[in-house]
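Straight run, no breaks: the sequence shown in the working numbering ends on number 857.
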Amino acid sequence: DIEKFIGNNKPAKKLFVLALIKANEQAIHGGELGRDYVSFPLQELIDIGFYTTLQSARKGFKAAMDALTDIKLSGDIQRTKKHKISVIGLHPFRIGVIEKNQCYIQLESGFNWSFIAQYFTILPRYYFKLPDRASDLLYYIFFLARQHTRDIEERGYFTIGFRAIQHRLQLPSEKATKNPKRDIQDPIEEAIEQLETEHSLQYNNMDFQLLPCYDENANIGDYLDNGYLQVTLKGEFAQTFIQISRETAKQIEQAEKRQSPYHGKGSSYKDR
Numbered sequence: 586d587i588e589k590f591i592g593n594n595k596p597a598k599k600l601f602v603l604a605l606i607k608a609n610e611q612a613i614h615g616g617e618l619g620r621d622y623v624s625f626p627l628q629e630l631i632d633i634g635f636y637t638t639l640q641s642a643r644k645g646f647k648a649a650m651d652a653l654t655d656i657k658l659s660g661d662i663q664r665t666k667k668h669k670i671s672v673i674g675l676h677p678f679r680i681g682v683i684e685k686n687q688c689y690i691q692l693e694s695g696f697n698w699s700f701i702a703q704y705f706t707i708l709p710r711y712y713f714k715l716p717d718r719a720s721d722l723l724y725y726i727f728f729l730a731r732q733h734t735r736d737i738e739e740r741g742y743f744t745i746g747f748r749a750i751q752h753r754l755q756l757p758s759e760k761a762t763k764n765p766k767r768d769i770q771d772p773i774e775e776a777i778e779q780l781e782t783e784h785s786l787q788y789n790n791m792d793f794q795l796l797p798c799y800d801e802n803a804n805i806g807d808y809l810d811n812g813y814l815q816v817t818l819k820g821e822f823a824q825t826f827i828q829i830s831r832e833t834a835k836q837i838e839q840a841e842k843r844q845s846p847y848h849g850k851g852s853s854y855k856d857r
C-alpha cells in the first residue's frame, strides 16, 4: 500500500507505479531480477499524460525520486533455503538520474521485486493521465482487487464501501463541512465518472464496470455507511486476478501438505 510509504505525494505515487511496471517489463525474468535498473525516455512521461512539457517532466521526476529513495523497508532476504538475512532499512529505490533525456532508476537487488511488480501490469495505463482523485480511486480499486480474487472468480465483482472511498480520497468528515454533498458525495461520483469516461476512451469493451449503489433519498451519513461501489471485472482484467486466485490457492495447498504430519507417509491430511 503505497499510501503508507509516500502519503499524499501524487507525483511520487505515480512514479512508483511506473517504476514497478517498468521493472516487470525490463528487469524481472523468470521471477528473478535480471538487471538492477529500469530506464525510459523522459518524453514517455509526457506521452502517458503524467506531465505536459519536458521541463515539468524533468522537475517532477527529480522531486518524485527524492520521495522514492526515502522509502525504507524491513524484512528477510532468503538467499538460499538455509541462508536467510534479516534486513532493516532497505531502500528499494537506490537512485534516479536523467542522462540525455533518458530516465534511469536503480533498484535494490536484494529486494523481492517479482513479488510486487507482477501485480502492476494489471493497472490500466490511463492511470497516469487521470486527475488526482480519480487516479487514487483507480489505484485503490486494483489494490483491493488483489485481495478479492476469489470474489472476482466466483461472482465477477466485488464491492467497496463509500466510507472507505471517502477515507482513501482524503475527503472531509461529514461533520466538518456545511455542504457534504459538494465536498464529499460529488467528488466521489465525479471520480467514478472520470474513470468510466477514460476507460471507454481507451478500451472498446465493458471488461471494467463501476456501479454506484445507494439510496438517493439517504442523508450523507447513510450514503457513506450503506452506499457502495460495485466493481465488475471481465475479460483480461478478470483472468489476471482469477489466475492469481488459483495460484494462491495452489500455494496454500502445497504449504498445508508440507506442514501436515502425514506428509511424506503415503497420503496427505486431506486424504484422511
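Don't be surprised by glycine CBs; every beta carbon is placed ideally from N, CA and C.
The alpha helix (DSSP H) spanning residue 681 covers which residue range? Start at 1 with the first residue of the sequence shown, and residue 681 comes out as number 96. Premise fails: residue 681 lies in the beta strand (DSSP E), 678-684, not in any alpha helix (DSSP H).
Which of the three DSSP states is assigned to residue 817 in this structure? Counting from 1 along the sequence shown, the entry for residue 817 is found at position 232. Residue 817 falls in the strand class under three-state DSSP.
Do residue 777 and residue 797 come within 8 Å of each other at the CB atom, strictly closer than that value? One-based indexing of the sequence shown puts residue 797 at position 212. One-based indexing of the sequence shown puts residue 777 at position 192. Yes.
Among the residues of its own chain, which have a CB less than 8 Å from the CB of residue 694, if the five just before and after it don't count? Here residue 694 refers to the residue found at position 109 when the sequence shown is read from its first residue. So the list reads 618 and 621, once near-sequence residues are dropped.
Host alpha helix (DSSP H) of residue 640 (start-end): In the sequence shown, residue 640 corresponds to position 55, counting from 1. 639-653 is the extent of the alpha helix (DSSP H) around residue 640.
Do you know how far the Cα of residue 832 is from the Cα of residue 554? In the structure as shown, the chain starts at 586 and stops at 857, and residue 554 therefore has no counterpart that could be examined.
Please report the distance separating the alpha-carbon of residue 761 from that of residue 626. The residue given as residue 761 occupies position 176 in the sequence shown. The residue given as residue 626 occupies position 41 in the sequence shown. For residue 761 and residue 626, the distance between alpha carbons rounds to 45 Å.
Cα-Cα separation, residue 754 to residue 716: The count along the sequence shown starts at 1 and reaches residue 754 at position 169. The count along the sequence shown starts at 1 and reaches residue 716 at position 131. Approximately 12 Å between the Cα atoms of the pair.
Check this for me: beta carbons of residue 780 and residue 795, under 8 Å apart or not? Within the sequence shown, the letter at position 195 stands for residue 780. Within the sequence shown, the letter at position 210 stands for residue 795. Yes; because the gap between Cβ atoms is below 8 Å, this pair is in contact.
Tell me which same chain residues have a C-beta within less than 7 Å of the C-beta of residue 815, skipping the five on either side of it? Taking the sequence shown and counting its residues from 1, one reaches residue 815 at position 230. Excluding sequence neighbours, residue 815 sits near 742, 744, 796 and 798.
Cα-Cα separation between residue 853 and residue 835, rounded to whole angstroms: Sequence index remark: in the sequence shown, residue 853 carries index 268 (1-based). Sequence index remark: in the sequence shown, residue 835 carries index 250 (1-based). Per-residue confidence for residue 853 stands at a pLDDT of 38, beneath the threshold of 50, marking its modelled position as unreliable; no derived number is given.
Is the region 680-696 in contact with the region 805-822, if contact means three or more CB pairs nearer than 8 Å? Output reads no: the region 805-822 does not touch the region 680-696.
Exposed or buried, residue 851, counting other C-beta atoms within 10 Å across all chains shown (16 or more means buried)? Here residue 851 refers to the residue found at position 266 when the sequence shown is read from its first residue. Low local confidence applies: a pLDDT of 45 at residue 851 is under 50, so the model's placement there is unreliable, and no value is given.
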